[in-house]
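Asker:
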Amino acid sequence: MKRLISLLFLSLTLVTFSQDQKTKGVFYKLGLATTLMLNEDFELGNSDETLINPSAIFLNNALGIQFDHKSSVEFNLEYNWHSRQGLNFLPIYFSYRYNVFEFEDNLFVRVGYGRLLDLGKAYEKGTFYKVGLGFQIFDKDYKNSFLFGLDFNRKRFGFVQSDKLSSVSIFFEYTIF
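According to this note's numbering, the sequence shown is numbered sequentially starting from 1.
1) With DSSP collapsed to three states, give me the class of residue 161.
2) DSSP state of residue 108, grouped into three classes?
3) Using the Cα positions of residue 128 and residue 84, report the straight-line distance between them to the nearest angstrom.
4) Measure the Cβ-Cβ separation of residue 134 and residue 114 and say whether it is below 7 Å.
5) Are the region 61-79 and the region 95-108 touching, with three or more C-beta to C-beta distances below 8 Å?
6) Helix, strand or coil: which one does DSSP assign to residue 27?
7) Taking all protein chains shown into account, do 16 or more other C-beta atoms lie within 10 angstroms of the C-beta of residue 130, making it buried, or fewer, making it exposed?
8) Using 7 Å as the threshold, is the C-beta distance between residue 126 and residue 164 below it?
9) Out of 106, 88, 30, state which residue places its alpha-carbon closest to the alpha-carbon of residue 70.
And the structure:
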């Protein structure tokens, strides 16, 4: 009987620790995103100008926890630079990601909410909201992954947070488990 219980315990331990690493655990994510605008000075046939120009750059660092194969929560620190408006933001926020469809890769939705940190005159203080849709592609080991998609961002700032800046961005991120 002792031998059977010991064998059962050993088997259960091996099965538990041999589970796929991508379904649970702590991960780090590094991301880059940009918003694009049509160039008003573009003329067809003029090769000196481009049709589309970036209007903002977002750099994102996140530390997250994957709860299961469907959901994860992240703590994000991001730098946003809006070149046309001359604005700098430093959002710090929590986000939640949910995998809607799972195949070899995942289609997901995500939402985020947080604050815009005030680090002096160069940075605006306020509130930050994010909603996105994206696709996650895993590497050959099904551990690390690439994420890309679209995010809608809204920043409320200024006196009594009366100023608003909304944008749709294209993001590209890399997750390390």
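Every residue gets a Cβ at the ideal spot worked out from N, C-alpha and C, and that includes glycine.
In this text, all values refer to a predicted model and were calculated from it rather than measured experimentally.
Answerer: According to the structure data:
1) Of the three classes helix, strand and coil, the one that applies to residue 161 here is helix, per DSSP.
2) In the structure shown, residue 108 sits in a strand (DSSP, three-state: E or B).
3) Taking the straight line from one Cα to the other gives about 19 Å.
4) No, Cβ-Cβ distance for residue 134 and residue 114 is not below 7 Å.
5) Yes, the region 61-79 is in contact with the region 95-108.
6) Here residue 27 sits in strand by DSSP.
7) Counting Cβ neighbours within 10 Å, residue 130 comes out buried, since at least 16 surround it.
8) Result no, Cβ atoms of residue 126 and residue 164 do not sit closer than 7 Å.
9) When each option's Cα is compared against that of residue 70, the closest is 106.
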